[in-house]
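Each residue of the sequence shown is one higher than the last, beginning at 52 in this note's numbering.
Using N, Cα and C, we set each Cβ at its ideal position, and we do this for glycine too.
First comes the structure, then the notes that go with it.
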Amino acid sequence: MLARVSLIDRYAARLPVTARTPRLTLGEGSTPLVRSPRLEAETGVREVWLKVEGMNPTGSFKDRGMVVAVAKALEEGASSVLCASTGNTAASAAAYAARAGVRCAVILPAGNVALGKLIQAMVFGARVVAVRGSFDDALALARRLADEGEGTLVNSVNPYRIEGQKTAAFEVCEDLGDAPDALFIPVGNAGNITAYWRGFVEAASWGLAGRRPRLYGFQAEGAAPIVRGEPVPEPRTVATAIRIGNPASWAAAVAARDASGGAIEAVTDDEILDAYGYLARCEGVFCEPASAAAVAGLRRRAKDGGLAGIERAVCVLTGSGLKDPDTATRSASPPIEVDAELDAVRRAIRGGA
Ligand code: F0G
């Protein structure tokens, strides 16, 4: 079997890379687009597709932008990178820094990062700093430290991150033969919705797509600054990846929403967990809670009659369910422990008393 083409090589002509940019790769991009018959039946939308970004090397979409950001940092002679993160950016930065042979420091909100992501940053050898504060506090600190020369900032305020992430929109257009009518996507720091919009606009401009989709972004109700129109000082949600009160790409996300004719809305934690369990049990797709916000939003709009004119929808499942074992453990049935004995095992399988 052929190795997957690296993201930088696949899209070199569309990215700000040169012959001098190191061809860094861990096999990112080219993720599956999986059709969801159950969601089609439930929502009445003719085609519903899931873009499974948890299949990236570190288990989230962050790898698309990180590979470009770290490659450009290398090209520019950097010896260390730095980021704030709710977890996935940290995992990705730590992996690509390890691969590139540069130092990495990650600043996390203490107690609010899913276990799998924390472990990734640790095993990849990053310097992991947990601050007693929010993600927004961590990002403010990371920006200051980067300004002081502590390392290249690889949060999505780094323009190469958005450039790399836009490639997901290209893949969707290539796989479907056009852009979909609508894209459903979780919104946290608001970089990814910004990146998809850029990707779809570019795809339409060079003829890869004949249209541009409406973008529907979803924040968690307890962390919905864009929906409320003001920062949320103490954001709260089970979806820790999007527990963000003052998104860095706020203005760009609003511009993308408006230019696309879409919306940015809030979904409750219950709706998120419901969509999370549904995807796993009914479609065999295990994403993390933040990712399920996109599907929660699709289902909510289906109930409210908000899908008129949408025949083909794509939901972006941004990260793998294995990232957050605690939420998974709380939301599913534990193993049934019995003696190693035929009757006992049979009874356990059949669910009898
Ligand atoms: N889904 C997941 C799994 C994420 O990790 C994030 C963001 C988002 C959605 C939202 O994307 O920020 O571009 O709007 N995670 C960042 C991090 C903040 O630090 O890993 P966004």
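- Judged by DSSP in its simplified three-state form, Thr203 adopts strand.
- Membership of Lys102 in the beta strand (DSSP E) is indicated by the continuous run 98-103.
- The continuous beta strand (DSSP E) containing Arg265 extends over residues 265-271.
- Within the same chain, Cβ atoms closer than 7 Å to the Cβ of Ala399 are found at Ile387, Val389, the five residues on either side in sequence being excluded.
- DSSP places Ile400 in the helix class (H, G or I) of the three-state scheme.
- Residue pairing of Gly370 in beta bridges, as defined by DSSP: Ser111.
- The ligand F0G never approaches Glu316 closely enough for any of its heavy atoms to be under 7 Å from the residue's Cβ.
- Around the beta carbon of Asp375, 16 or more other beta carbons lie within 10 angstroms, which makes this residue buried.
- Under the three-pair Cβ rule at 8 Å, the stretch 311-322 counts as touching the stretch 264-275.
- By the neighbour-count criterion, in which a residue is buried when 16 or more other Cβ atoms sit within 10 angstroms of its Cβ, Gly228 is exposed.
- Val180 is positioned such that its CB atom lies no closer than 8 Å to that of Cys155.
- Here Asp114 is buried, its C-beta having at least 16 other C-beta atoms within 10 Å.
- Under the three-state reduction of DSSP output, Glu316 falls in the strand class.
- In this structure Ala326 is not in contact with Ala290, their Cβ atoms being roughly 11 Å apart against a cut-off of 8 Å.
- Val96 and Ile361 have their C-alpha atoms roughly 7 Å apart.
- Under the DSSP definition of a beta bridge, Ile293 lacks any partner.
- Two segments are said to touch when three or more pairs of C-beta atoms, one from each, lie closer than 8 Å; by this definition the stretch 138-150 touches the stretch 159-179.
- Of the candidates Cys333, Gly296, Pro276, Gly296 places its Cα closest to the Cα of Ala191.
- For Ile387, the three-state secondary structure derived from DSSP is coil.
- In this structure, DSSP gives Ala148 a helical state, which the three-state scheme calls helix.
- By the 16-neighbour rule on beta-carbons within 10 angstroms, Glu214 is buried.
- Annotated as proximal: Ala299 and Val208, with beta-carbon spacing under 8 Å.
- Take Ala129, set aside five residues on each side of it, and the residues of its chain with a beta-carbon closer than 8 Å to its own are Val153, Gly202, Thr203, in chain order.
- When Cβ pairs closer than 8 Å are counted between the two stretches, the stretch 214-225 is seen to touch the stretch 115-124, the count reaching three or more.
- Leu234: member of the beta strand (DSSP E) spanning 233-237, first to last residue.
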